[in-house]
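First the structure, in the form of structure tokens, and then the observations on it.
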Amino acid sequence: MENVKRDSQINITNKSSVEKEINNKLCNEIRRLIKDKNFLTAEQQIKHAMSEHAHSPIPHNLMGILLETQKDHRLALKHFRAAYALDPTYWPVKYNMDQYVSFLPISHLAYDEDDDCNKKQGKRIFTHTLD
Numbered sequence: 325m326e327n328v329k330r331d332s333q334i335n336i337t338n339k340s341s342v343e344k345e346i347n348n349k350l351c352n353e354i355r356r357l358i359k360d361k362n363f364l365t366a367e368q369q370i371k372h373a374m375s376e377h378a379h380s381p382i383p384h385n386l387m388g389i390l391l392e393t394q395k396d397h398r399l400a401l402k403h404f405r406a407a408y409a410l411d412p413t414y415w416p417v418k419y420n421m422d423q424y425v426s427f428l429p430i431s432h433l434a435y436d437e438d439d440d441c442n443k444k445q446g447k448r449i450f451t452h453t454l455d
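In structure tokens form, the structure reads like this:
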């Protein structure tokens with residue numbers, strides 16, 4: 325019981341390490357699964373991450389990417405909005421929402437903070453704020 329309490333205290337007080345753990349492991353795995361068109365497994369892993377990390381924007385951002393890949397634009401936007409509501413400073417979701425509302429074909433989505441979207445697009449993406 326003491327170990328469980330200590331672990332939960334670490335998770336609560338050290339949110340950044342939890343975010344980094346989700347980011348590193350989950351984002352890379354989901355990126356691979358989507359590339360391989362293994363959508364069912366990707367969805368299951370994202371749902372599990374949502375249940376484990378309910379207050380993180382990362383699983384919702386990933387679900388938005390998965391749904392956008394499957395052409396379910398309406399539901400994808402709902403997950404991008406949920407991710408933004410959980411953490412308005414998480415730039416990948418800002419980038420993805422900006423891509424979504426630009427009415428141009430989406431050429432790239434940001435899985436995590438390691439994606440260099442500006443470099444891939446060749447320009448600054450955030451032309452307006454979402455506040």
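Residues in the sequence shown are numbered consecutively from 325, following the working numbering.
Note that beta-carbon positions come from the ideal geometry of N, C-alpha and C, so glycine has one too.
None of the values given here were measured: they were computed from a predicted structure.
Around the beta-carbon of N352, fewer than 16 other beta-carbon atoms lie within 10 Å, marking it exposed.
Going by C-alpha positions, P412 is about 30 Å away from D360. Per DSSP, reduced to three states, the secondary structure at P383 is helical. C-alpha of M387 to C-alpha of E437: approximately 16 Å in a straight line. Assignment of T413 by DSSP, reduced to helix, strand and coil, places it in the coil class. The residues H384, N385, M387, G388 and L391, in chain order, have a CB closer than 8 Å to that of H403 in the same chain once the five nearest residues on each side in sequence are set aside. With at least 16 other beta carbons inside 10 angstroms of its own, S380 counts as buried. For T365, same chain residues with a beta-carbon under 7 Å away, outside a window of 5 residues either side, are L357 in chain order.
A373 sits in a helix when the DSSP states are folded into three classes.
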